[in-house]
Amino acid sequence: MAGLAFMLLYSTGVIGLLATGFTLRYWSHVLIDGQTWISLAYSALLGSASLGASLVLALALQAALGVRLRTGALRGLLFLPMAIPPIVAALLSVQMLGNAGLLSRVAHAAGLVARPEDFPALLYTPAGLGIVITHVMLVTPFLLLMLDRIERHALLSDLEQMARTLGASPWQAWRRVCLPVLLRAGAPVLSVYLVVLMGAYEVPLLVGAQYPSMISVLIQRRFSQFDMGTRPEAYVLASIYACLAAGLLLVLFAPRARRSAQEHGA
Amino acid sequence: MIRRALAWTLSVLLVMPVILLVLLSVARHWTWPALLPTDLQWRQWQELTAASSTLVAVALRSLGLSVGVAMVATILGFLSSRSVARHPRQGQLLVLLHLPFAVSPVVLGVSLLYAFLRLHLAGHIAGVMLAQLIFAYAYAVILLSGFWNSQVLTLAELAISLGAKRPQVWFRVLLPLARPLLFVCLFQTFMISWFDYALTLLIGDSQVTTLTVTLYQYFSSGDIRLAATCALLLLAPPLFALGINHRLLSATVVTRLEAQSD
Numbered sequence: 013m014a015g016l017a018f019m020l021l022y023s024t025g026v027i028g029l030l031a032t033g034f035t036l037r038y039w040s041h042v043l044i045d046g047q048t049w050i051s052l053a054y055s056a057l058l059g060s061a062s063l064g065a066s067l068v069l070a071l072a073l074q075a076a077l078g079v080r081l082r083t084g085a086l087r088g089l090l091f092l093p094m095a096i097p098p099i100v101a102a103l104l105s106v107q108m109l110g111n112a113g114l115l116s117r118v119a120h121a122a123g124l125v126a127r128p129e130d131f132p133a134l135l136y137t138p139a140g141l142g143i144v145i146t147h148v149m150l151v152t153p154f155l156l157l158m159l160d161r162i163e164r165h166a167l168l169s170d171l172e173q174m175a176r177t178l179g180a181s182p183w184q185a186w187r188r189v190c191l192p193v194l195l196r197a198g199a200p201v202l203s204v205y206l207v208v209l210m211g212a213y214e215v216p217l218l219v220g221a222q223y224p225s226m227i228s229v230l231i232q233r234r235f236s237q238f239d240m241g242t243r244p245e246a247y248v249l250a251s252i253y254a255c256l257a258a259g260l261l262l263v264l265f266a267p268r269a270r271r272s273a274q275e276h277g278a
Numbered sequence: 003m004i005r006r007a008l009a010w011t012l013s014v015l016l017v018m019p020v021i022l023l024v025l026l027s028v029a030r031h032w033t034w035p036a037l038l039p040t041d042l043q044w045r046q047w048q049e050l051t052a053a054s055s056t057l058v059a060v061a062l063r064s065l066g067l068s069v070g071v072a073m074v075a076t077i078l079g080f081l082s083s084r085s086v087a088r089h090p091r092q093g094q095l096l097v098l099l100h101l102p103f104a105v106s107p108v109v110l111g112v113s114l115l116y117a118f119l120r121l122h123l124a125g126h127i128a129g130v131m132l133a134q135l136i137f138a139y140a141y142a143v144i145l146l147s148g149f150w151n152s153q154v155l156t157l158a159e160l161a162i163s164l165g166a167k168r169p170q171v172w173f174r175v176l177l178p179l180a181r182p183l184l185f186v187c188l189f190q191t192f193m194i195s196w197f198d199y200a201l202t203l204l205i206g207d208s209q210v211t212t213l214t215v216t217l218y219q220y221f222s223s224g225d226i227r228l229a230a231t232c233a234l235l236l237l238a239p240p241l242f243a244l245g246i247n248h249r250l251l252s253a254t255v256v257t258r259l260e261a262q263s264d
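Residue numbers (the numbering used here), protein chains in the order written: chain A, 13 to 278; chain B, 3 to 264.
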């Protein structure tokens, strides 16, 4: 909260190295700048796409692998991506997905490409494919472990079995019984992940396009520019994003917090 | 059969990043389209063992910083988590504790920088530590608030009714019960600091160099071999933890779920 107050004071020219007294010109400049809204929408889009793709992949792998997730080497290996920080994940993406990366070399060995330029561009593209793929690689194992844990706690196999004995097909039992339980129980974690992915910094910095840029990258760029005059604008952007992210988190968690207060009071 | 093949494929995919980093760190020549390095060299790993190595100094600085953050966050988090767990508005407080994670490290770093500059904390390791503590402390409280269940509180009350003094309750009852979770908290908060890049960059003001900052510098300058070496050093503590006990890492899955499902 103190940080937000500092940002608001800096962004309105009250404090700071070039402060000249209260002004809203930095706010009006940022608010009418199309790049602000493009960056916010781009962050929301890539954050949602990363989480959505990770969730779909995790659900598919859980359905396909079942109890194998808890046996053998795979059980321990699923924790491996949690040991990888985002900056290392970005480095790995460059080395794997780049034009001269490992995938491109495998494609050449398979006779699919003749030169590095023939390999499709996955990194530094405005579509943000590299950002989404890197996040999916990082997040999917975590979600897979989370879904597996929910499955064991909620005794999903028993519920599924009951649905089957009542005449549901395997697909109906999964879609109508298992999926809602998994999504409801996983909602708090998924909510936090969505907000975290929207504010991601290291991965978009290293594998993202120059334009459009995700909001954290845009804020850092405005903040670090040689021209000190852009610094209050960075504070405006940071204030807007902080309010939006905090608001989103509060909206996503409000029903849960209310329920907790009621239970505590009962 | 298909399930088995899928499990094996997934296992290989999960291990591949670490193998790739090892190969990158020792490759002298690895030009396209070779699938494996054509020439290896071990120079930087040999230099790493030399006392004068820059990377060793950076790694030790990062280690000291992260250990400090982990210890302070765990101690403060343990003390605060009791109040949070017993608070009638526990749910709301836990939501508020998620705010630092929601606003992203860049926004938090930018918001803190002006105050830190005025307090002469920017550009110093103490400033970076303080900034990282905001994240680590919030995480510690979220994680440890799950410890204070009715069973633990009943045991503490029982000890008091049997004549135990307050320090005895803490040191003889609560701390032994909390020890496994405190170790998990120490490790997780260590990781928050160990993996941090954005806060160190902004608050450290290019004066504080940690492994993540060094990795970015090597990456930007195109020295992939040294960047991969840095990456492997960054991976060493969590991989070591994974080797000795899954629980240290699985806590990320378990506790986030439990803390947030109240």
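Cβ coordinates follow ideal geometry from the N, Cα and C atoms, glycine included. Small disclaimer: the values here were computed from a predicted structure and weren't measured.
By the C-beta criterion, the stretch 136–153 of chain B is judged to be in contact with the stretch 94–102 of chain B, since at least 3 inter-stretch pairs fall below 8 Å. Contact between B/W196 and B/P169 does not hold, since the beta-carbon distance rounds to 33 Å and is not under 8 Å.
At least one C-beta of chain A is nearer than 7 Å to the C-beta of B/F197. At a C-beta separation below 7 Å, B/W47 has no neighbours in chain A, since its nearest C-beta there lies roughly 18 Å away.
Taking a 10 Å sphere around the C-beta of A/I162, we find 16 or more other C-beta atoms and assign the residue as buried. When secondary structure is reduced to three states using DSSP, B/H31 falls in the strand class. Close to chain B, meaning a Cβ-Cβ distance shorter than 9 Å, is no residue of the stretch 173–189 of chain A at all. At a cut-off of 7 Å between beta-carbon atoms, A/F235 makes contact with chain B. Membership of A/W49 in the alpha helix (DSSP H) is indicated by the continuous run G46 to L77. A direct Cα-Cα distance of roughly 11 Å separates A/L191 from A/L67. Rounded to whole angstroms, the gap between the alpha carbons of A/V151 and B/L119 is 35 Å. Checking the DSSP bridge columns, you'll see B/D41 partnered with B/H31.
The Cβ atoms of A/P128 and A/N111 sit closer than 7 Å to each other. For the pair B/L26 and B/I226, the CB atoms are nearer than the 7 Å cut-off. Residue range L141 to H165 is occupied by the alpha helix (DSSP H) that includes A/E163. When Cβ-Cβ separations below 7 Å define contact, A/Y213 makes contact with chain B. A/V26 places its beta carbon less than 7 Å from that of A/F34. For the stretch 113–137 of chain B, the set of residues with a beta-carbon nearer than 7 Å to any beta-carbon of chain A comprises S113, L114, Y116 and A117, in chain order. Within chain B, no residue has its CB atom less than 7 Å from the CB of A/M240, the nearest being about 13 Å off.
In summary, A/Y213 is buried, with 16 or more beta-carbon neighbours lying within 10 Å of its beta-carbon over all protein chains present. Interface annotation, B/A104: in contact with chain A, CB-CB separation under 7 Å. Contact of A/M19 with chain B is assigned, a C-beta pair being separated by under 7 Å.
Annotation: the continuous alpha helix (DSSP H) that includes A/E172 extends over L168 to T177. Residue B/L95 holds the alpha-carbon nearest to the alpha-carbon of A/L261 among B/P90, B/L95 and B/G245.
Around A/A121, the beta-carbon contacts reaching into chain B at under 8 Å are P35 and L37.
Three or more Cβ pairs drawn from the stretch 142–156 of chain B and the stretch 65–84 of chain B lie within less than 8 Å of each other, which places the two stretches in contact.
Using a Cβ-Cβ cut-off of 9 Å, B/A233 is close to I96, P97, I99, V100, L103 and L104 of chain A, given in chain order. The three-state secondary structure of B/G79, taken from DSSP, is helix. The continuous alpha helix (DSSP H) containing A/V229 extends over residues I227 to S236. Within chain A, I99, A102, L103, V106 and L218 have C-beta atoms less than 9 Å from the C-beta of B/F221, given in sequence order.
Distance from the CA atom of A/L52 to the CA atom of A/V248, rounded to whole angstroms, is 13 Å. The stretch 83–157 of chain B is shown to contain whole alpha helix (DSSP H) runs of 4 or more residues at 92–99, 101–104, 106–120 and 127–146, in chain order.
Counting along the chain, the unbroken alpha helix (DSSP H) around A/W183 starts and ends at P182 to A185. Residue contact check for B/T214 against chain A: a CB pair falls below 7 Å. For the stretch 111–140 of chain A, the beta-carbon criterion of a distance under 8 Å to any beta-carbon of chain B is satisfied by A112, L114, S116, R117, V118, H120, A121 and P128. Residue environment analysis places A/A122 among the exposed positions, since fewer than 16 neighbouring C-beta atoms fall within 10 angstroms of its C-beta.
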